[in-house]
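Take a look at the structure set out below.
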């Protein structure tokens, strides 16, 4: 298995020229060898140096032993998408070293563990060989940590070769471990390797880092952690889940931040977390909890969503709020559990049998994971329906450079929920209350929750046919009335879900329409295209159902490129399915190659089509 | 006559049943109504839950003043788990069937019991799928014949045995034709703090009521062997209590089991001499009953309940469904402090 990180792309490609604070570094190691710690030390060090940085972990579905690649990108201009080229390769895995050498971009730098067996048969790259065993010979460290410690050797060498101040790596280690002892042990190795490199390696390549001030006030965080924190600020009270990559860490982070929801005086929790026996039970629990009036959520990925399909149809039809995060990976089937994709979009949108429509929020980055983390509960309660949030492995599990999160700007909105007093008032005003009757003309009824001390608060919830009085009905007209109201409710949702982000200039005939994690690559591609005279407009969809801005945007352009990271072009399909106008100005650019999208791919795809015009 | 809440028995009824006339399930609904009326249950605190099937329709036929949820096939346990976590003040009454619990819902049933979700879990067991017109269920007798499906070659699953093995702290079996026993068991189960399983043989008059079926009325009436006479004593009725020896169990004596709400179940031992406080005895008697096709009814197993799922979670006294905004959303200062960890 190998990942070709630069399919035919040369480093000197126009618009992608590397330079100071502007290149990618790839670390090839074995999964489970502890290299993640070393890679995070490099990322955090660059972050602390003020250099915009991002990291992408390209890891196998395996606990220990299979090859793993971690790419770190520094970008003085603040681009955080995956870079198509790799300028620096740290080849520390015997299994992949030959390919890693082969794949390195021309003019690149190779750093190897000299104890491995390999031949360097290229003259267009700079090579630094580290005799790891010798370097560590006199070092003192707990011997059981040897496999991990080895990885600190390349950190030390990088400090010398690329100018990362030693003391900054110590700060990074401290943030990483939160404790002094492991930070000191690891830093001692970094220092030994650094000193060895200083004495033995002559700098021969043009790449280095230089302090900047571009990360001041910023944070580095994984999307799943952002989502977890957002959910806790959104009032989630019942979480039920079943572990599945790449969503597992989302709930892990809910647990690690649970203290946010512990009463300071009593020490009691305001959140219950259940590890269910499977996704069928996880979604049943959150639907039960949502029905009973608490804010509930789960996090899963494609296979889990498949299992939840039937239950979410019940929640849709019985109108029960809950929140379901789908941190997507490659499908169909088990697919590639550790690779990113946007392939669940179409499935989520109509999830469950019959005429079902689901609300799907589409965060693009950590900041939106936080925001949609809390806002999804307000939308679910307002619309009385499940709300899906579709993130992906790239957002969820990789580190993102982000603005600190903004405190929720709207108070908790539990929607049309009638407690005892409100129910009294409702009867006073309407002389009646029926659960599914549309009193406000927006398709959304008024609900009560169990435990409401009122003789007329109860109603019967069911997935079977019902009329607006919540009683069982097989009458065709009751069915049609109910479905018509549900459709109307879905129309109302268009005004409640997050609107798209639009960058529009009437002079530009070309539009790019996309969603989710592609955002950073699109931003970079647009800048590069602009330097060669191709100005583009951009609309980023943030939710399904579509809001009117989407149709307006398509209408406003001669050509609209629908950019997405799935194989079938699912967003384009939904647009074609729902559009009432001609959509032959839409061009689907669908990737789905298992990796986060690059600016290079977008830009070359658009150029190819534009040249054909 | 009105009960202590000023409600008549009729107030505890639900909608009109749409099940076949004579269905065992309807008589169970009747006993639920009577038990709730006798216990002065506040209907607004009760939730009625079910899966899919004939039995699962019945929550619409009792306690109209309670919220009901007819969910999906076999997965009512997960709904109950979520609902009772969201609001620990609720009294959960669930109805399932042998198809719902014994097949698709088997895993959820076992995990519900493992978690000790506080609720009454009634299985209306007739050995057959009624709504889809008479297929064998997983509790059907081995060797039994059904007109359209021939002979059942597979052994039945004993849902009480599964409950005992799974760690349930209240396991009972009854017969829908034995109204008095059903009612006593229901009352005791409602007072139980934990999952209380009552597997009630409830004949399907349409598809599985031939006298040789162990799930038929004739078989039940002729072969039911009550393990004891059960008397439910509500909290407050404590006369004679001192005179009763609790402890050593011997022929002809009474046994009293105190429930956490102060009520008692008084069991008068009959022929089998079963002591429901012994787990190994419970398994032995279930095994014996299964082997010899005996319909042994009564309280099969009881133990002092362990912590419920919610009790293991150190939750706030306010039910999660009733948290106020400040309990649901940490402060701006707390967000700022969290953000500092990532700078």
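Chains as they are written, first to last, in our numbering: chain W, 616 to 1228; chain U, 6 to 348. Ideal Cβ placement from N, Cα and C applies to all residues, glycine included. All values reported here derive from a predicted model rather than from experimental measurement.
Exercise. If you draw a straight line from the alpha carbon of residue 839(W) to that of residue 306(U), how long is it in whole angstroms?
Worked result: 45 angstroms
Exercise. In chain U, which residues lie with their C-beta within 8 angstroms of the C-beta of residue 884(W)?
Worked result: Within 8 angstroms Cβ-Cβ: 318, 319, 320, 321.
For this session: Note down the Cα distance separating residue 684(W) from residue 741(W), rounded to an integer number of angstroms.
Result: For residue 684(W) and residue 741(W), the distance between alpha carbons rounds to 20 angstroms.
Exercise. Of the choices 811(W), 758(W), 750(W), 785(W), whose alpha-carbon is the least far from that of residue 775(W)?
Worked result: 811(W)
Exercise. Using a C-beta to C-beta distance shorter than 9 angstroms, which residues of chain U count as neighbours of residue 868(W)?
Worked result: Neighbours of residue 868(W) on chain U: none; closest Cβ ~11 angstroms, over 9 angstroms.
Exercise. What's the C-alpha gap between residue 868(W) and residue 1011(W)?
Worked result: 11 angstroms
Problem set entry | Straight-line gap, residue 966(W) to residue 1185(W) (C-alpha atoms, nearest Å) | Their Cα atoms are separated by approximately 14 angstroms.
For this session: Could you tell me whether the Cβ of residue 77(U) comes closer than 8 angstroms to any Cβ of chain W?
Result: Any Cβ of chain W closer than 8 angstroms to the Cβ of residue 77(U) would place that residue at the interface, and such an atom is present.
Exercise. For the region 1085-1162 of chain W, which segments carrying the beta strand (DSSP E) assignment without a break, of at least 3 residues, lie completely within its bounds, in sequence order?
Worked result: 1116-1118, 1125-1130, 1151-1156
Problem set entry | Any alpha helix (DSSP H) of 4 or more consecutive residues that is wholly inside the region 54-137 of chain U | 59-62, 81-91, 111-120
Problem set entry | Limits of the alpha helix (DSSP H) - the one that residue 344(U) falls within | Element bounds for residue 344(U): 337-345.
Exercise. In chain order, what residues of the same chain have a beta carbon less than 8 angstroms from the beta carbon of residue 192(U), not counting five sequence neighbours either side?
Worked result: 40, 43, 44, 237, 239, 268
Exercise. Would residue 1127(W) pass as a contact of residue 1143(W) if the rule is Cβ separation under 8 angstroms?
Worked result: no
Exercise. So, helix, strand or coil for residue 246(U), using DSSP?
Worked result: Unreliable positioning characterises residue 246(U) in this predicted model, as indicated by a pLDDT of 43, which lies under 50. A coordinate reading is not provided.
Exercise. Where do the ends of the alpha helix (DSSP H) carrying residue 361(U) lie?
Worked result: The structure shown does not extend to residue 361(U), since chain U is modelled only from 6 through 348, so no value can be given for it.
Exercise. Can you name the residues of chain W whose CB is closer than 8 angstroms to the CB of residue 124(U)?
Worked result: Correct list: empty, because the minimum Cβ distance to chain W is about 11 angstroms.
For this session: Quick one: using the 10 Å Cβ neighbour count with 16 as the cut-off for buried, is residue 881(W) buried or exposed?
Result: exposed
Problem set entry | residue 726(W): first and last residue of the uninterrupted beta strand (DSSP E) it sits in | 724-728
Exercise. For chain W, is any of its Cβ atoms less than 8 angstroms away from the one on residue 50(U)?
Worked result: A Cβ of chain W is located within less than 8 angstroms of the beta carbon of residue 50(U).
Exercise. Residue range of the beta strand (DSSP E) that residue 890(W) falls in?
Worked result: For residue 890(W), the enclosing beta strand (DSSP E) begins and ends at 887-890.
Exercise. Could you give the residue range of the alpha helix (DSSP H) that holds residue 1037(W)?
Worked result: 1035-1045
For this session: Would you mind working out which of 1094(W), 1073(W), 1069(W) sits nearest residue 1082(W), comparing C-alpha positions?
Result: 1094(W)
For this session: Give a yes or no on whether the C-beta atoms belonging to residue 137(U) and residue 100(U) are separated by under 8 angstroms.
Result: For residue 137(U) and residue 100(U), no; Cβs fall outside 8 angstroms.
For this session: Flag this pair as touching only if the region 1197-1211 of chain W and the region 941-958 of chain W have three or more C-beta atom pairs under 8 angstroms; answer yes or no.
Result: yes
Exercise. Do residue 857(W) and residue 771(W) have their C-beta atoms within less than 8 angstroms of each other?
Worked result: no
Problem set entry | Cβ contact check for the region 1056-1064 of chain W and the region 46-64 of chain U: 3 or more pairs under 8 angstroms | no
Exercise. Between residue 1010(W) and chain U, is there a C-beta pair that is closer than 8 angstroms?
Worked result: Against chain U, the CB of residue 1010(W) has no partner CB under 8 angstroms away; the residue lies outside that interface.
Exercise. Does DSSP put residue 668(W) in a helix, a strand or coil?
Worked result: strand
Problem set entry | Those runs of the beta strand (DSSP E) which lie wholly inside the region 1168-1225 of chain W and span at least 3 residues | 1174-1179, 1201-1205
Exercise. Given residue 32(U), which residues of its chain have a CB within under 6 angstroms of its CB, disregarding the five upstream and five downstream residues?
Worked result: 181
For this session: Measure the alpha-carbon distance for residue 220(U) versus residue 28(U) and round it to whole angstroms.
Result: Roughly 12 angstroms between the two C-alpha positions.
Problem set entry | alpha helix (DSSP H) runs contained entirely in the region 897-958 of chain W, provided each spans 4 or more residues | 917-933
Exercise. Just curious, the alpha helix (DSSP H) that residue 204(U) is in, first and last residue?
Worked result: Residue 204(U) -> not in any alpha helix (DSSP H); beta strand (DSSP E) instead, spanning 200-206.
For this session: Output the boundary residues of the beta strand (DSSP E) element that contains residue 1007(W).
Result: 1001-1007
Exercise. Quick one: does residue 65(U) have its CB under 8 angstroms from some CB of chain W?
Worked result: Cβ-Cβ to chain W under 8 angstroms: yes for residue 65(U).
For this session: Identify every residue that forms a DSSP beta bridge with residue 684(W).
Result: Paired residue(s): 643(W), 673(W).
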